[in-house]
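Taking it in order: structure first as structure tokens, then the write-up.
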Amino acid sequence: MLLLQQLVNSVMLGSVYVTVAVAFTLTIGILNFLNFTIPTLFMLAGMIGWALAERGLPFGLSGPLPWPLALLVAVAVAILASLVVERFTFRYLKARYGDATEHAIPLVSSLGFLLIIENLVRIAYGTDSQRFPGPEANLTVEIGGLFVRLPQIVSLVAVLAIVAALSLLLKRSRIGRGLRAIAENPDAATILGVDVNRIVPVVFVLTGLLCGLAGVLFAINYGEVSPAMGDDVGTKAIAGMVVGGLGSIWGAVAGGLIVGLTETMTINYFGADTVQVAVWGLLLLVLFVRPQGLFGHNAIGKGKL
Amino acid sequence: MLLEAEGLSVTYGRTRAVASVDLAVGEGEIVTVLGANGAGKTSLLRALQGAVKPSRGRIVLGGRDVTAQSSAARVRGGMVLVPEGRQIFVSMSVHENLLMGAYLRRDGSADADIAAIYERFPNLARRRDMKASVLSGGEQQMLAIGRALVARPRLVMLDEPSLGLSPLFVEQLFSLLRDLNRDGIAILLVEQNTTMALELASRGYVFELGEVVLEGSSDRLLGDEALVAAYLGGAAPLPPPNHPGP
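Just so you know, the sequences run in chain order A and B. Each residue of the first sequence is one higher than the one before, starting from 1 at the first, in the UniProt record's numbering. Each residue of the second sequence is one higher than the one before, starting from 1 at the first, in the UniProt record's numbering.
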């Protein structure tokens, strides 16, 4: 029974990793770019949500907002921040210097954004963890002896629904085809009239949405946010993405859940200090046995969606 | 004129790939661009389609200056490029590739055009839901052309479409181009198969080192084979061997 309860808990932790891992997969799969601002967008949503719910709008413009409204605004802020990143890391350099800016330059400039945003948040709100004033009522239900918190169920369903919608968007819609065309062959896509500058922001909006959602879920489920909350979740999500396999959204889902499970079980049996060793050990083991990840493309390292 | 380029130049760093080229394609006309490898033909087509920015010159499509406009605007204006090496999307199905041709169409009637493509190329219809990577070279070329046709172009530009195809497929390809032209589609054809290209086209341009060195009606160019061969390199008729006396 204890094991089952751990399993339930791990699924909830995993669903946060899943959301962030899918955001990573999306940017790598379409733009071939490891977007390091993803963890910071996640953190930003959590911290903004907390600030609005606890203190209200800046400069005393309002009292504390009701927490659902605060979280809604927080997701919007994450999306906006993501668009700013697109405008000033990706598009600016790409438009000016073309393919010479592939790989390293967007990556490093996104790392710059990560550090700047994280430290701006520290300057504004301090370095400490903050308690998120989420749902007050005891929303725990007991199902066959297992304790499940309602927000956790809602989160999990919401995450799976969003990932399914995203996967459908990529597979079936015109915009999804345009994105996949850019992922495979930007040149041929452009020739057929896919406007890269119009469609790339879609990726960043989705990234902001996923990270914002993950940050909000984290705040509700764990009741605590901090300017550093993105660091650990970000790295574990990257591990989840690689374990699941680059270039596969459902691989990122599986990978995120597996990392969540590994983490919960390791803490349970061996203590918190062993978590990083277990997670990254698992990652190296998977890469050793199956380099393309569990559900990745057959071509190793080809992460195209 | 449907398409006009005036003083078009394309520069990569210090290299001039296309140097002040004037070129025109009339409504419903077939025009061919000939030249040796590296003569700047591909750069010319890419500049016309908007995939590279010309360093100088003007491109007018259907009476509208599109020089500063995106590739998408040119596709909307009725011009589509079938690029060198086909460049189909191998991770997508055959059908999705054709849908990509309809990417900019909002009229919702692409289905009828796609059905027409399937009718013309039954092999594509049979492989509708398979990954485009399973197609043979010839079928991939048909798919690349089909994809362009779904955009309902007035002008199709083709960059070395016969490259790597079997003679049988090359025959099919040229008869397809003739059919398309009969339907009123203008064609700008870059080809290595000089004779076939000139027999199909009404006019031709010969490129050397990014410049137009020769232009005129196909009949004139065909009649002047030695001249064409001199610029295309290699195929020039050999001078009579000079036998040393015994």
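Just so you know, even glycine gets a beta-carbon here, dropped at the ideal spot from N, CA and C.
Residues of the segment 169 to 186 of chain A in Cβ contact with chain B at a cutoff of 9 Å, in chain order, please.
R174, R177, G178, R180, A181, A183, E184, N185
Interface residues of chain B around I191/A at Cβ under 7 Å?
Q49, A51, S71, L81, P83
Looking at the C-beta of A252/A, does it have a partner C-beta in chain C at a distance below 8 Å?
Although the question refers to chain C, the structure presented lacks it and instead comprises the protein chains A and B.
Indicate whether at least one CB of chain B lies closer than 8 Å to the CB of A100/A.
At A100/A, the pLDDT of 48 sits below 50, so the modelled position is not reliable; the number obtained from the coordinates is stated separately. A100/A does not count as touching chain B.
When the Cα of G281/A is compared with those of L69/A, V242/A, A254/A, which residue comes out closest?
V242/A
Residue-chain proximity (A188/A, chain B), Cβ-Cβ < 8 Å
yes
Whole angstroms are fine: how far does the CA of V279/A sit from the CA of D273/A?
11 Å
If you measure from the beta carbon of Y12/B to each beta carbon in chain A, is any gap under 8 Å?
no
Against D195/A, what residues of chain B qualify as contacts under a CB-to-CB distance less than 7 Å, listed in chain order?
S70, A72
Quick one: is Y16/A buried, meaning 16 or more other Cβ sit within 10 Å of its Cβ, or exposed?
The displayed chain sequence assigns Val, not Tyr, to residue 16/A. Classification of V16/A: buried, given that the 10 Å Cβ count is 16 or more.
Could you check what DSSP says for K131/B in three-state terms: helix, strand or coil?
strand
For T32/B and A226/B, what's the separation of their Cα atoms in angstroms?
18 Å
Report yes if the CB atom of V194/A is closer than 8 Å to the CB atom of A181/A, and no otherwise.
yes
Examine chain A for any beta-carbon lying closer than 8 Å to the beta-carbon of G101/B, and answer yes or no.
yes
Is DSSP giving F174/B helix, strand or coil here?
helix
Is any beta-carbon of chain A found at less than 8 Å from that of V31/B?
no
Report the rounded CA-to-CA distance for V10/B versus E4/B, giving the unit in angstroms.
16 Å
So that I know if they touch, is there some Cβ in chain A lying closer than 8 Å to that of Q87/B?
yes
What first and last residue would you give for the beta strand (DSSP E) that runs through V80/B?
79 to 82
For K304/A, which residues in chain B fall below 9 Å Cβ to Cβ?
S91
Please report how far the alpha carbon of L65/A lies from the alpha carbon of Y222/A, in whole angstroms.
20 Å
Give a yes or no on whether the minimum CB-CB distance between E191/B and chain A is below 8 Å.
no
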